[in-house]
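Protein chains in written order, with UniProt numbering: chain P, 1 to 398; chain V, 1 to 332. For every residue, glycine included, the Cβ atom is placed at its ideal position computed from N, Cα and C. To start, the structure under review is shown below, and the notes come after it.
Here is the structure:
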């Protein structure tokens, strides 16, 4: 048993840290630190910096223009990036679609789409959920009917994150309405600028239009945009979901969030002393920190198993469950740490909101937004109730 | 990075488990080298690392074995070895001698406040809940100015023994001008006590794993309303949460094992003991509840597991105590 990182991994960490110090603009890290929303241009700016270094797609093999990092290296990069308040890399092209195209896409699709993900020409979004298909994803109803060398797509997707910035969407569509739920689904790449598509933002309770509804009305999609085989889309979707789960624990986000929480608690006064010295508050912070120490080790144990070629089972559902509980607890403590300042709510969604000079410490306004926004953590990516079902079934064999 | 065990550690764990299947016989465990596996090479053993302690005590916990290994070897021989008493340390590690360690005093909870005094080589005071004191050939006693060695049966030493909920025994110890030999300052305790807390947490992990296995089997076989109760979502989700918490406990035990000889040992001791104590209680409560009525009975095998888990929290500082220590260690 040796819990320390190898000398190579430690050297890699130092290299990542130095790179972030040299190349991460403070303009961006300051917004991330204060829980402020980044603009499309700012996200693209950070992608471009990473791509120039060859570090945008740490999970991709080198042959496809990725960094070809090990699972441990990816973990180190994610952790250091979070601690430096770097913008997060958009997962849709890099973490989700890229691996699917590399595994199941045609050579033409790989040559056409992968470079455009890296250089920022395309911004992808995910067309999975529908109004009637949440946790029960296999019930998708959006149809694609073959018409010559095109598919004609009709239906609606929803909860499409940052779809307002995207020019492409990868969709699960029903191509065989007579087959069993999982067997009639195909994986289709759709140009969002095509006629018949409407993207409508949904404002969430944090005041931010982070997600969208996407409507398809007789949208003609070239048949060459079908990934793999028709009616095999569920296989590809499941493959994508396993890739989506590589950073499922969110250790880096939690570590950075905890550091921010402690800093804020040291700056807030309670009964004449820093809030960090209030025994009730300190106990809650300590408890979540202890939970995080254990969860981070579970994460590393699974990474080590993955490196040794063992596929993760129900453990990744445990990471999702515990990881999101910890992050939500940190968000909650951070919001409560700023006390009454958390009441100010600078949101475009509310009339008379004033975003210029919110009261209290600079993190106060964002703390409420982050808390509200991260209620999503236990809902998306397979809700925590779905994860509990997976854990119980894989264990109980029911 | 490596979270696994050496071949030797795995083999020891396997042979220990096989021996324990035939029942708990302390002399058989010592013969197998379980004591020496808990001592470092400098101390005459062949192990003594966090991983060795984890392997041995997790196996003991799974088997539900009540042994003198924690008190007499990890704690007792550990202190003696640190004090340079290598002969007695080796005797304790081989099972020839039995050592009990008398630290806590009545009414002091887990604070470690000591009033026992040493005057002209004689100890006077009271010690509370001293594990294994009745079987001990030697007692290590903490006095205000350090640690002392007392022989069993010494004049002025009296014990009042009683059974413990984890199946072991302890005693209230009264010392009146008991002849004693000074071993050294109280900091001799630092590493042995941390190792003993790791041992207790690893033992609790083994018990938790066993209790979860037992409960899982029960959920698959017990039928109500015509189907296994494990098919009900209310039960499944409760069990999933429990498993997730046990996974946390497992990682916490690994954390302490991996940091037993690191600079931030105290912080890891506090974190692990606080988390394991909390989850040990949870596992006891949840596995009883998931079993229903049968889980309430003394006859069913869950009963000693549940009590052993509660005992793990109540010893060497409970989860609240170590949460406070964690806050203090993090602020330092």
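What whole-angstrom Cβ distance do residue i and residue j have, given they're in contact under 8 angstroms?
i                     : j                     : result
residue 171 (chain P) : residue 142 (chain P) : 7 angstroms
residue 38 (chain V)  : residue 25 (chain V)  : About 18 angstroms separates the two Cβ atoms, so there is no contact after all.
residue 168 (chain V) : residue 131 (chain V) : 6 angstroms
residue 275 (chain P) : residue 283 (chain P) : In fact, because the Cβ distance is near 12 angstroms, the residues do not count as touching under 8 angstroms.
residue 146 (chain V) : residue 185 (chain V) : 5 angstroms
residue 102 (chain P) : residue 69 (chain P)  : Actually they are not in contact, since the Cβ atoms of residue 102 (chain P) and residue 69 (chain P) sit about 15 angstroms apart, beyond 8 angstroms.
residue 217 (chain P) : residue 154 (chain P) : 7 angstroms
residue 240 (chain V) : residue 392 (chain P) : 5 angstroms
residue 253 (chain V) : residue 199 (chain V) : Not quite, the Cβ-Cβ distance comes to about 10 angstroms (not below 8 angstroms), so this is no contact.
residue 127 (chain P) : residue 169 (chain P) : 5 angstroms
residue 1 (chain P)   : residue 3 (chain V)   : 6 angstroms
residue 163 (chain P) : residue 203 (chain P) : Between residue 203 (chain P) and residue 163 (chain P) the Cβ distance is about 14 angstroms, and since that is not below 8 angstroms, they are no contact.
residue 338 (chain P) : residue 268 (chain P) : 6 angstroms
residue 341 (chain P) : residue 370 (chain P) : About 14 angstroms; that fails the 8 angstroms criterion.
residue 330 (chain P) : residue 261 (chain P) : 6 angstroms
residue 259 (chain P) : residue 326 (chain P) : Wrong, their Cβ atoms sit about 14 angstroms apart, outside the cutoff.
residue 63 (chain V)  : residue 17 (chain V)  : 7 angstroms
residue 207 (chain V) : residue 61 (chain V)  : 4 angstroms
For residue i, decide whether its Cβ has a neighbour in chain P, counting only Cβ atoms nearer than 8 angstroms.
i                     : result
residue 289 (chain V) : no
residue 146 (chain V) : no
residue 244 (chain V) : yes
residue 215 (chain V) : no
residue 27 (chain V)  : no
residue 247 (chain V) : yes
residue 327 (chain V) : yes
residue 107 (chain V) : no
residue 241 (chain V) : yes
residue 271 (chain V) : yes
residue 158 (chain V) : no
residue 210 (chain V) : no
residue 236 (chain V) : yes
residue 94 (chain V)  : no
residue 252 (chain V) : yes
Taking Cβ positions only, does residue i come closer than 8 angstroms to chain V?
i                     : result
residue 74 (chain P)  : no
residue 84 (chain P)  : no
residue 391 (chain P) : yes
residue 273 (chain P) : no
residue 304 (chain P) : yes
residue 269 (chain P) : no
residue 396 (chain P) : yes
residue 141 (chain P) : no
residue 321 (chain P) : yes
Please name the residue in the options whose C-alpha comes closest to that of residue i.
i                     : options                   : result
residue 13 (chain P)  : P:75, P:104, P:96, P:256  : P:75
residue 191 (chain P) : P:55, P:29, P:123, P:118  : P:123
residue 218 (chain V) : V:328, V:14, V:294, V:85  : V:294
residue 134 (chain V) : V:109, V:181, V:68, V:144 : V:68
residue 99 (chain P)  : P:58, P:248, P:295        : P:58
residue 57 (chain V)  : V:197, V:181, V:296       : V:197
residue 320 (chain P) : P:164, P:387, P:368       : P:387
residue 367 (chain P) : P:317, P:263, P:385, P:97 : P:263
residue 315 (chain V) : V:158, V:112, V:233       : V:112
residue 107 (chain P) : P:398, P:226, P:360       : P:226
residue 28 (chain P)  : P:64, P:66, P:82          : P:82
residue 300 (chain P) : V:247, V:305, V:9, V:232  : V:247
With hydrogens ignored, establish whether the beta-carbon of residue i is closer than 7 angstroms to any heavy atom of the ligand MG.
i                     : result
residue 125 (chain V) : Absence of the ligand MG from the depicted structure is noted, as is the absence of any ligand whatsoever, leaving it without description.
Using a cut-off of 7 angstroms between C-beta atoms, extract the partners of residue i located in chain B.
i                     : result
residue 323 (chain V) : Absence of chain B from the displayed structure is noted, the protein chains being P and V.
Assess contact between the stretch 309-329 of chain V and the stretch 157-166 of chain V, defined as three or more Cβ pairs (one per stretch) separated by less than 8 angstroms. Is contact present?
Flag = yes, the stretch 309-329 of chain V and the stretch 157-166 of chain V touch.
Listed from N- to C-terminal order along the chain, which residues in the stretch 275-300 of chain P have their beta-carbon within a distance smaller than 9 angstroms of any beta-carbon of chain V?
Those would be 276, 277, 279, 282, 283, 285, 286, 287, 289, 290, 291, 293, 294, 295, 296, 297, 298, 299, 300, in chain order.
For the stretch 225-240 of chain P and the stretch 172-185 of chain P, state whether three or more C-beta atom pairs, one from each stretch, are separated by less than 8 angstroms.
Segments in contact, yes.
Residues of the stretch 1-13 of chain P whose Cβ lies closer than 9 angstroms to any Cβ of chain V, in chain order:
So the list reads 1, 2, 3, 4, 5, 6, 9, given in the order they occur along the chain.
What residues in the stretch 374-389 of chain P bring their beta carbon closer than 8 angstroms to a beta carbon of chain V?
Per Cβ criterion, the list reads 385, 387, 388, 389.
Check distances from the C-beta atoms of the stretch 91-107 of chain P to those of chain V and list, in chain order, the residues that come in under 9 angstroms.
Hits within the stretch: zero.
Spell out a yes or no on whether the stretch 285-293 of chain P and the stretch 223-239 of chain V are touching, meaning 3 or more CB-CB pairs, one atom from each, closer than 8 angstroms.
Between the stretch 285-293 of chain P and the stretch 223-239 of chain V there are fewer than three C-beta pairs closer than 8 angstroms, too few to call the two in contact.
Determine which residues of the stretch 50-71 of chain P have a Cβ less than 7 angstroms from any Cβ of chain V, and write them out in chain order.
Listed by position along the chain: nothing, the set is empty.
Relative to chain P, which residues along the stretch 6-21 of chain V have a C-beta separation below 9 angstroms, given in chain order?
For the stretch 6-21 of chain V, which is checked against every Cβ of chain P, the residues closer than 9 angstroms are 6, 9.
For the stretch 202-221 of chain P and the stretch 76-91 of chain P, state whether three or more C-beta atom pairs, one from each stretch, are separated by less than 8 angstroms.
Contact between the stretch 202-221 of chain P and the stretch 76-91 of chain P is absent, because fewer than three Cβ pairs lie under 8 angstroms.
Mind listing which residues of the stretch 46-62 of chain V have their C-beta closer than 9 angstroms to chain P's C-betas, in chain order?
Taking 9 angstroms as the cut-off between beta carbons, the residues of the stretch 46-62 of chain V near chain P are 49, 50, 51, 54, in sequence order.
At a cut of 8 angstroms, does the stretch 30-37 of chain V reach the stretch 92-109 of chain V through at least three beta carbon pairs?
Contact between the stretch 30-37 of chain V and the stretch 92-109 of chain V is present: 3 or more CB-CB pairs across the two stretches fall below 8 angstroms.
Are the stretch 101-112 of chain V and the stretch 137-153 of chain V in contact at 8 angstroms, needing three or more beta carbon pairs?
Contact between the stretch 101-112 of chain V and the stretch 137-153 of chain V is present, because at least three Cβ pairs lie under 8 angstroms.
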